[in-house]
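In what follows, a structure is listed as structure tokens, so that the remarks can point back to it.
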Amino acid sequence: MKKLINKPENVVKEELEGIALAHPDLVKVHISPHYIVRADAPVKGKVALVSGGGSGHEPLHGGYVGVGMLDAACPGEVFTSPTPDQIYEATKAVSGGAGVLHIVKNYSGDVMNFEMAAEMAQGEGIEVATVITNDDVAVEDSLYTQGRRGVGVTVFVEKIAGAAAEAGLPLAKVAEIAKRVNENGRSMGMALTSCTVPVAGKPTFDIGDDEMEIGIGIHGEPGRTRMKIKPADEIVDMMAEAILGDLPFKSGDRVIAMVNGMGGTPLIELYIVYRRLAQICEAKGIKIERNLIGNYITSLEMAGASITLMRADDELLKFWDAPVKTPALRWGM
Amino acid sequence: MKKLINKPENVVKEELEGIALAHPDLVKVHISPHYIVRADAPVKGKVALVSGGGSGHEPLHGGYVGVGMLDAACPGEVFTSPTPDQIYEATKAVSGGAGVLHIVKNYSGDVMNFEMAAEMAQGEGIEVATVITNDDVAVEDSLYTQGRRGVGVTVFVEKIAGAAAEAGLPLAKVAEIAKRVNENGRSMGMALTSCTVPVAGKPTFDIGDDEMEIGIGIHGEPGRTRMKIKPADEIVDMMAEAILGDLPFKSGDRVIAMVNGMGGTPLIELYIVYRRLAQICEAKGIKIERNLIGNYITSLEMAGASITLMRADDELLKFWDAPVKTPALRWGM
Amino acid sequence: MVTKADVLNWLKHYAQVVDEQKEYLTQLDAAIGDADHGINMQRGFGAVMSQLPAVEDKDIGTILKKVGMVLVSTVGGAGGPLYGTLFMRMGMAVGNKDALSPEDVVKMFTAALEGVKQRGKAEPGDKTMVDALTPAVEALRQAVEAGEDLHTALEKATAAAEAGMKATIPLVARKGRASYLGERSAGHQDPGATSSYLLFKSATDVWNHADA
Amino acid sequence: MVTKADVLNWLKHYAQVVDEQKEYLTQLDAAIGDADHGINMQRGFGAVMSQLPAVEDKDIGTILKKVGMVLVSTVGGAGGPLYGTLFMRMGMAVGNKDALSPEDVVKMFTAALEGVKQRGKAEPGDKTMVDALTPAVEALRQAVEAGEDLHTALEKATAAAEAGMKATIPLVARKGRASYLGERSAGHQDPGATSSYLLFKSATDVWNHADA
Ligand SMILES: Nc1ncnc2c1ncn2[C@@H]1O[C@H](COP(=O)(O)OP(=O)(O)O)[C@@H](O)[C@H]1O
Ligand SMILES: Nc1ncnc2c1ncn2[C@@H]1O[C@H](COP(=O)(O)OP(=O)(O)O)[C@@H](O)[C@H]1O
Ligand SMILES: [Mg+2]
Ligand SMILES: [Mg+2]
Ligand SMILES: [Mg+2]
Ligand SMILES: [Mg+2]
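Chains as they are written, first to last, in the working numbering: chain A, 14 to 346; chain B, 14 to 346; chain C, 175 to 386; chain D, 175 to 386.
And the structure:
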């Protein structure tokens with residue numbers, strides 16, 4: 014294992030100390046238990062957004078705390094959901110009296126821990142609504158199963174619902190918008206290499222020098238299929254087909270597109286992926302209104318990429334364009 | 014070689030097509046020869062900034078084209094300087110009548126190609142000034158040699174001189190500010206793994222599973238020493254000592270700090286590096302006024318990091334804080 | 175009777191087993207999950223061990239609830255709420271006792287299983303810890319009702335847990351991370367079912383004195 | 175006399191040699207540079223080959239200047255301006271001739287070396303292509319002045335280039351990327367000196383007819 018770390022057990026704590034030292038103007042970091050809140054929290058009268066999940070997906074979620082996005086992020090250990098006490102304390106710390114929205118990726122651990130925290134916060138009279146993201150088309154969906162994983166669309170939910178909350182909308186409306194973003198978003202990822210969880214010390218999975226994993230999860234979970242590596246255009250074709258066919262997206266749709274790096278893939282490759290994605294959308298009459306290209310929801314140092322498309326309407330685009338000022342996403346201010 | 018690419022020969026061209034599709038609001042891409050200019054180029058009466066160098070360092074330089082930063086970027090093949098005709102054409106395309114500043118990293122190839130292009134542009138009556146960045150303390154400096162490599166400080170020069178040009182300062186003054194930034198900046202990098210040039214198809218260098226290279230260049234050039242990997246804090250101590258002792262930085266200095274990822278290192282590790290760097294600066298009485306933490310000048314998918322410190326004064330900080338709107342750096346607008 | 179000392183020994187023994195089996199549990203999780211189950215459980219029971227002294231003089235119920243709370247706040251993932259709920263429900267089921275009859279032990283494990291099912295919404299056959307716990311609790315109950323001594327009953331429960339754990343191998347997961355794999359989850363043993371089997375095995379190994 | 179056909183054959187042969195030695199030149203560059211010298215030279219001479227037909231009916235000077243311009247705009251890196259300048263200066267030195275005397279050839283290579291030194295500001299001993307070119311041009315000049323036939327003179331120049339190239343091995347680089355390595359650049363042969371040696375070797379191999 015080759016990493017720029019000290020003791021594997023201290024990775025998350027030291028990362029948080031780094032964030033605290035780097036961005037005192039944007040966020041406040043609480044160490045015991047771990048959570049990050051925006052510098053001016055709690056904002057009186059504003060719906061507060063709390064998200065969280067395992068660490069190792071940076072900049073998700075801590076990098077999205079700030080004006081126009083999250084009020085708090087709760088980082089768990091690497092790839093491990095945060096605990097109810099973290100989420101409960103963060104919820105209390107940002108509650109401004111207008112209710113709190115929990116944004117939860119659909120993993121059994123995340124869902125259960127947020128559920129326990131919501132019960133605890135509600136017990137103290139804080140109104141909590143929850144939106145669960147589940148946009149990963151690589152996973153079969155069915156009534157009898159856990160359902161799909163929450164991946165890239167989570168970034169969109171945090172941005173758009175964050176803007177809605179900043180605009181003063183009430184909890185029910187912010188939650189409705191968050192759900193709308195999730196329902197209109199679909200993602201798929203792929204990996205060329207594995208990642209290594211620091212405390213595990215060795216790669217999560219083995220993969221041949223000429224192989225790739227299609228439909229990978231953001232924790233290095235196996236995906237849909239393992240196959241020989243192909244040219245980027247063919248890989249994007251496969252991913253786009255799975256994504257577009259799922260909602261399905263139709264000619265005339267307007268979308269926000271994200272080409273996301275898994276952590277170890279350079280930007281030069283992400284633009285090659287975006288090129289093909291834009292060509293495909295163009296050919297199908299789908300208009301990409303906005304885009305993000307870079308590392309937004311990662312899997313440690315894994316090489317690979319994911320694509321997220323979200324069908325947008327005027328309201329969602331307006332909230333997308335609204336100013337945001339966080340360590341990892343910033344525009345308009 | 015595992016990469017999200019099509020044909021290795023087409024990497025740069027397809028990346029540029031991706032950039033053109035992604036950011037039509039910010040930049041215009043010219044394919045033959047390759048260069049990127051800001052969407053509203055040429056800006057009449059404004060000093061124009063042109064930079065460039067080998068590709069593979071994304072977002073440098075193309076990601077920094079836009080309002081408040083570069084007017085044009087000339088990407089060469091991967092790790093290969095651009096050619097004089099590219100630079101000459103880009104210089105003509107952005108020249109707004111107030112002169113053009115060439116920002117050149119100190120590599121013999123870059124210097125010679127920019128020199129030939131400047132001669133050609135001057136032959137057409139365009140006033141060209143050149144600033145050469147050479148901030149890499151890993152390299153011995155001497156009158157008889159090529160001197161030091163230009164690395165991280167180039168990002169600072171592009172941002173700060175870009176703001177100075179946007180503010181309407183004349184060429185001589187913009188060039189003076191650019192040189193001041195370079196003179197006050199020092200950097201050093203390290204790598205845990207090699208990178209692979211697409212057309213080469215195999216890693217540039219071999220490195221043991223327990224080794225790291227200190228003082229690495231941004232093209233995978235060997236650095237100062239190869240040694241057994243150490244905890245992050247010790248690595249940062251070594252790098253900071255080399256950087257701080259070189260200018261030297263002194264107690265009371267105000268600096269802008271960058272912790273830069275080489276392309277394959279996740280953000281979580283960069284914050285652990287920043288944590289130590291901030292502790293060291295604090296202990297030495299050096300005040301970090303601003304910081305950048307992320308992938309800003311990379312070396313394809315290499316795992317590793319570099320640190321840049323630049324001594325800032327009020328004027329440089331003012332230009333740092335000025336609005337910027339480019340694909341990779343954006344604030345204030 | 176299971177004394178408070180027995181309960182404390184069980185917890186200590188299980189913490190040690192988790193520590194020894196950390197790699198193994200993590201390996202199982204690597205195949206169909208995210209390679210952290212052993213790490214999570216070890217972190218949790220390490221915390222339990224360091225916080226146990228503070229409540230050792232309290233009653234069994236208080237001790238077990240404390241264990242649950244420590245697990246909830248240190249394990250994270252799915253394991254945290256599930257094992258946390260399991261121990262909290264055990265504590266609530268036995269109340270402020272200092273020794274447990276075989277019937278108390280049945281009540282305790284029954285409540286534990288109910289809590290896990292409520293929290294995780296998993297049913298037997300979903301390829302989770304429920305698949306080890308359900309037959310174990312059932313075997314324990316039947317044996318105690320049939321008048322067998324507790325140690326024998328626990329041996330049967332452990333055997334049933336082991337069989338349930340092994341029976342997860344061919345299953346396609348419907349809950350938890352492994353479910354994302356669909357058909358590809360078949361052929362691997364569930365890590366949570368494994369740690370649950372070890373929980374029964376630890377009780378059997380520790381509560382082996384004549385009058386248990 | 176070196177005819178225009180000889181010059182074109184030389185260029186074609188060198189393009190082929192560069193293609194064959196691409197890996198080798200890149201390997202040398204990997205050790206002390208950025209692993210692209212062979213790739214760069216091959217890209218450049220590939221472009222030269224495809225653009226040569228357009229000027230084949232022109233004089234030698236025009237052809238060589240065109241080669242230089244194509245290299246400048248396709249090679250990039252240090253090699254582009256250096257080899258570009260080398261060929262442009264050759265073209266300027268020979269002017270609009272259709273055949274070259276041995277003295278013309280000396281003039282041509284002397285101008286090439288001057289151009290490279292001016293562009294790169296390197297001196298002999300800096301561990302660059304100048305270390306192969308300098309002794310080669312000197313040997314060529316001496317042999318021609320001594321009245322030897324051109325082929326023999328070129329053989330001596332090539333031997334001198336090879337010696338110069340090998341002599342770069344122990345040197346510590348003072349120019350180019352390799353200079354960033356300091357002492358660590360010693361022990362490796364300079365890639366640019368190697369491609370320059372091959373340039374002389376190609377001329378020797380091709381200009382081997384009796385009256386050359
Ligand atoms: N909904 C659920 N109900 C019951 N058990 C579950 C559920 N989800 C997961 N589990 C159990 O949790 C185990 C995984 O725990 P762990 O690896 O600690 O958490 P995570 O999956 O969050 O990394 C699985 O092997 C399974 O037995
Ligand atoms: N200033 C210089 N003067 C003469 N030759 C130089 C100079 N700088 C570099 N070279 C030559 O260029 C060669 C490297 O060329 P190449 O690899 O194509 O360019 P780059 O170093 O830009 O990647 C070196 O081996 C050396 O012989
Ligand atoms: Mg986990
Ligand atoms: Mg090069
Ligand atoms: Mg797990
Ligand atoms: Mg080179």
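C-beta atoms are modelled at their ideal positions from N, C-alpha and C, and glycine is treated no differently.
Query                                                                                                                                                                                                  : Result
Is the separation between the beta-carbon of Trp333 (chain A) and that of Ile173 (chain A) shorter than 8 angstroms?                                                                                   : yes
State yes or no: is the C-beta of Glu314 (chain B) within less than 8 angstroms of the C-beta of Pro279 (chain A)?                                                                                     : yes
I'd like to confirm something about Asp123 (chain B): is its beta-carbon nearer than 7 angstroms to some heavy atom of ligand 4, or not?                                                               : no
When you compare the CB positions of Val286 (chain B) and Ala318 (chain B), do they come within less than 8 angstroms of one another, or not?                                                          : yes
Considering only heavy atoms of ligand 5 and the C-beta of each residue, which residues fall inside 5 angstroms, strictly closer?                                                                      : C:Asp203, C:Gly207, C:Asp208, C:Asp210, C:His211
How long is the line joining the alpha carbons of Val164 (chain A) and Ile310 (chain A), rounded to whole angstroms?                                                                                   : 8 angstroms
Using a Cβ-Cβ distance cut-off of 8 angstroms, determine whether Ala296 (chain B) contacts chain A.                                                                                                    : no
Restricting to runs no shorter than 4 residues, where is the alpha helix (DSSP H) found entirely within the stretch 261-327 of chain C?                                                                : 276-294, 304-319
If you pair each beta-carbon of the stretch 166-180 of chain B with each one of the stretch 69-83 of chain B, do three or more pairs fall below 8 angstroms?                                           : yes
Does Tyr120 (chain B) get closer than 8 angstroms to chain D when you measure Cβ to Cβ?                                                                                                                : yes
List the residues of chain C whose Cβ lies closer than 7 angstroms to the Cβ of Pro95 (chain A), in chain order.                                                                                       : Gly250
Quick one: Cα of Glu153 (chain A) to Cα of Tyr120 (chain A), how far?                                                                                                                                  : 14 angstroms
Grab the span of the beta strand (DSSP E) containing Asn304 (chain A) for me, first residue to last.                                                                                                   : 300-307
Quick check: the Cα distance between Met203 (chain B) and Ile229 (chain B), rounded to an integer number of angstroms?                                                                                 : 5 angstroms
What residues in the stretch 324-355 of chain D bring their beta carbon closer than 7 angstroms to a beta carbon of chain B?                                                                           : Arg348, Lys349, Gly350, Arg351, Ser353, Tyr354, Leu355
Quick one: does Arg199 (chain B) have its CB under 8 angstroms from some CB of chain D?                                                                                                                : no
Per DSSP, which one or two residues make a beta bridge with Asn19 (chain B)?                                                                                                                           : None; Asn19 (chain B) has no bridge partner.
So, under 8 angstroms CB-CB, Leu238 (chain D) and Met264 (chain D) are touching, yes? Tell me the CB distance rounded to an integer number of Å.                                                       : 5 angstroms
Are there 16 or more other CB atoms within 10 angstroms of the CB of Gln292 (chain D), so buried, or fewer, so exposed?                                                                                : exposed
Going by C-alpha distance, which of A:Glu328, A:Val91, A:Gly258 is nearest Arg217 (chain C)?                                                                                                           : A:Val91
Got a sec: which bits of the stretch 269-292 of chain A sit with their beta carbon under 7 angstroms from any beta carbon on chain B, in order along the chain?                                        : Gly276, Gly277, Thr278, Pro279, Leu280, Ile281, Glu282, Tyr284, Ile285, Val286, Tyr287, Arg288, Ala291
Can you grab the Cα-Cα spacing for the pair Thr206 (chain B) / Gly67 (chain B), in whole Å?                                                                                                            : 20 angstroms
Are any of the Cβ atoms in chain B nearer than 8 angstroms to that of Gly207 (chain D)?                                                                                                                : yes
Interface residues of chain B around Ile32 (chain A) at Cβ under 8 angstroms?                                                                                                                          : Tyr284
Who are the near neighbours of Leu345 (chain D) in its chain, counting only those whose CB is closer than 6 angstroms to its CB and skipping five residues on each side?                               : Lys301
Ligand 3 and Phe92 (chain A): does the residue's C-beta get closer than 7 angstroms to at least one heavy atom of that ligand?                                                                         : yes
Between the C-alpha atoms of His325 (chain C) and Glu277 (chain C), what's the straight-line distance to the nearest angstrom?                                                                         : 13 angstroms
Hey, Met282 (chain C) and Leu274 (chain C): beta-carbon distance below 8 angstroms or not?                                                                                                             : yes
With C-beta atoms as the reference, is Val25 (chain A) less than 8 angstroms away from Pro88 (chain A)?                                                                                                : yes
Using the three-state DSSP reduction, which class does Glu226 (chain B) fall into: helix, strand or coil?                                                                                              : strand
Across which residues does DSSP place Asn273 (chain A) in a beta bridge pair?                                                                                                                          : A:Gly307, A:Ser319
Rounded to the nearest angstrom, what separates Ile256 (chain A) and Gly242 (chain C) at their Cα positions?                                                                                           : 41 angstroms
Closer than 8 angstroms is the cut-off here; do at least three beta carbon pairs connect the stretch 346-363 of chain D with the stretch 179-199 of chain D?                                           : no
For a contact meaning CB atoms closer than 8 angstroms, what does Arg162 (chain A) contact in chain C?                                                                                                 : Tyr354
Taking the continuous alpha helix (DSSP H) assigned at Val380 (chain C), which residues delimit it?                                                                                                    : 365-380
Could you name the residues of the same chain whose beta carbon sits closer than 6 angstroms to that of Asp223 (chain A), not counting the 5 residues immediately before and after it, in chain order? : Lys241, Ile242
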